[in-house]
Amino acid sequence: MDDETLDQLLTDLASPDPVVRDEKAYTQLAQAISDRELTQDQLKRVATTMRERLRHDEIQARTFGALVLAALVEAGEWDDAWFVEVRDWYLAETDLRGYDETLGWLHAVAHGADFFGESAAADRVPGADVLQVLVTRCVTPTEYVWREQEEVRLAAAFAMALTDRRLDKDSAVAWSAEVAAALEIDVPSPPPFWSNTVRTLQTLYVGLDHQVLHSGEPVDIKHVGAIQEAVAATIQPTQPWFWRASRTGT
Numbered sequence: 000m001d002d003e004t005l006d007q008l009l010t011d012l013a014s015p016d017p018v019v020r021d022e023k024a025y026t027q028l029a030q031a032i033s034d035r036e037l038t039q040d041q042l043k044r045v046a047t048t049m050r051e052r053l054r055h056d057e058i059q060a061r062t063f064g065a066l067v068l069a070a071l072v073e074a075g076e077w078d079d080a081w082f083v084e085v086r087d088w089y090l091a092e093t094d095l096r097g098y099d100e101t102l103g104w105l106h107a108v109a110h111g112a113d114f115f116g117e118s119a120a121a122d123r124v125p126g127a128d129v130l131q132v133l134v135t136r137c138v139t140p141t142e143y144v145w146r147e148q149e150e151v152r153l154a155a156a157f158a159m160a161l162t163d164r165r166l167d168k169d170s171a172v173a174w175s176a177e178v179a180a181a182l183e184i185d186v187p188s189p190p191p192f193w194s195n196t197v198r199t200l201q202t203l204y205v206g207l208d209h210q211v212l213h214s215g216e217p218v219d220i221k222h223v224g225a226i227q228e229a230v231a232a233t234i235q236p237t238q239p240w241f242w243r244a245s246r247t248g249t
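In numbering that gives the first Met the number 0, the protein residues as written are 0 to 249.
Encoded structure:
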């Protein structure tokens, strides 16, 4: 890809026009990254620009910055600073709209989850560190109820973090205690984060009960029985009239 074309794609990735940004610029750049069509200098320019976008004034620029960084990680690129910068943006982001009628896909929750999932799958970051980011994102109060499958993207990122072979049994389930504490709310209508978190855990449980995939290929998760037991124990108090836990983790 020539530099002029790349510069235009990078500019268009901040566009408020969803056709320009998503259907054209992102699609073309992500394919070029996957197909190894960029030079190393060009890849560095993409990464630098996307890191700057995390601090952009406009939401679509911030969220697509994270998504392009996820594509870079999937393609084998990495810088330790990316994790810190995306984490700081992700946990501070307050605009959690999924799809906007004017701006199109924004999807901050999903795009950030994609980055952390790829980081864990590539073994660039300890799974425990990724789990902490995801837990914090889930339990942070928000006005938004996730409507566009954000919980699925988060659950997938949780699963990728749990593939870390360095996690012993206790570490693989320790994160659930913070979630359980956050869900202990005795009000008639729980806040949005509560619903978002419960649905994320339900999705994770179903995935763990079957075959988790990454890029279409099966992945192995140690201590899956213990993790499912912890997830079930976290969810069950939110719906005690419906079911009770009966499985024992292994």
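Note that beta-carbon positions come from the ideal geometry of N, C-alpha and C, so glycine has one too.
Since the model is a prediction, treat every value here as computed from it, not as a measurement.
By the three-class DSSP mapping on this structure, what secondary structure does residue i have?
i: TYR143; result: coil
i: GLY103; result: strand
i: TRP77; result: coil
i: PHE241; result: coil
i: GLN148; result: coil
i: VAL194; result: Sequence check: residue 194 is Ser here, not Val. Looking at SER194 - three-state DSSP - the assignment turns out to be helix.
i: THR48; result: helix
i: ALA112; result: helix
i: GLU177; result: helix
i: ALA13; result: coil
i: THR162; result: coil
i: GLN7; result: helix
i: ASP21; result: helix
i: GLU84; result: helix
i: LEU66; result: helix
Looking at the strands, I want to know which residues DSSP matches up with residue i.
i: PRO217; result: LEU212
i: TYR98; result: TRP104
Taking residue i as the reference, which of the options has the closest Cα?
i: CYS316; options: ALA225, SER194 and LEU105; result: This structure gives no information on residue 316, because the portion of the chain shown stretches from 0 to 249.
i: THR196; options: SER214, VAL218, THR233 and PRO217; result: THR233
i: THR4; options: ASP169, LYS23, VAL18 and ASP16; result: LYS23
i: ASP56; options: SER188, ALA179, ALA13 and TRP242; result: ALA13
i: TRP185; options: THR202, THR237, LYS168 and THR47; result: Sequence check: residue 185 is Asp here, not Trp. Nearest C-alpha to ASP185: THR237.
i: ALA31; options: PRO140, LEU71, THR62 and ILE58; result: LEU71
i: ARG106; options: GLY75, GLU73 and ALA60; result: It is His, not Arg, that sits at residue 106 in the sequence shown. Selected option, being the one with the closest Cα: ALA60.
i: ARG44; options: ASP21, ASP78 and ASP208; result: ASP78
i: ASP169; options: GLN39, ALA127, ALA80 and GLU76; result: ALA127
Can you list, in chain order, the residues of its chain whose CB lies under 8 Å from that of residue i, leaving out five sequence neighbours each side?
i: GLN131; result: TRP174
i: ALA244; result: GLU228, ALA231, ALA232 and GLN235
i: VAL85; result: LEU53, ALA65, LEU68, GLY111, PHE114 and PHE115
i: ALA156; result: ALA112, ASP113, PHE115, GLY116, ALA119, VAL129 and LEU133
i: TYR25; result: LEU12, PHE63, LEU66 and VAL67
Ordered along the chain, which non-local residues of its own chain (more than five positions away) have a Cβ less than 6 Å from that of residue i?
i: TRP88; result: LEU53
i: VAL211; result: ALA158 and VAL218
i: GLY248; result: Because GLY248 sits at a pLDDT of 49, beneath the cut-off of 50, its placement in the model cannot be relied upon, and the point is left open.
i: LEU9; result: THR48
i: ALA109; result: GLU149 and ARG152
i: ARG198; result: GLU150
i: GLU73; result: GLU117
i: TRP81; result: LEU68
Taking 8 Å as the CB-CB limit, is residue i close to chain D?
i: ALA171; result: The structure shown contains no chain D; it is built from a single protein chain.
Residues in the same chain with beta-carbon distance under 7 Å from residue i, minus the five sequence neighbours each way, listed in chain order, please.
i: VAL134; result: TRP174, GLU177 and VAL178
i: PRO140; result: PRO190 and PHE192
With a threshold of 8 Å, are at least 3 pairs of Cβ atoms found where one atom belongs to the region 161–175 and the other to the region 210–223? Touching, yes.
Touch check for the region 95–110 and the region 142–150: three-plus C-beta pairs under 8 Å? Here the region 95–110 makes contact with the region 142–150; the two share three or more CB pairs at distances below 8 Å.
Should the region 115–125 be regarded as contacting the region 25–38, the criterion being three or more beta carbon pairs within less than 8 Å? Three or more Cβ pairs closer than 8 Å define a contact, and the region 115–125 falls short of that threshold against the region 25–38.
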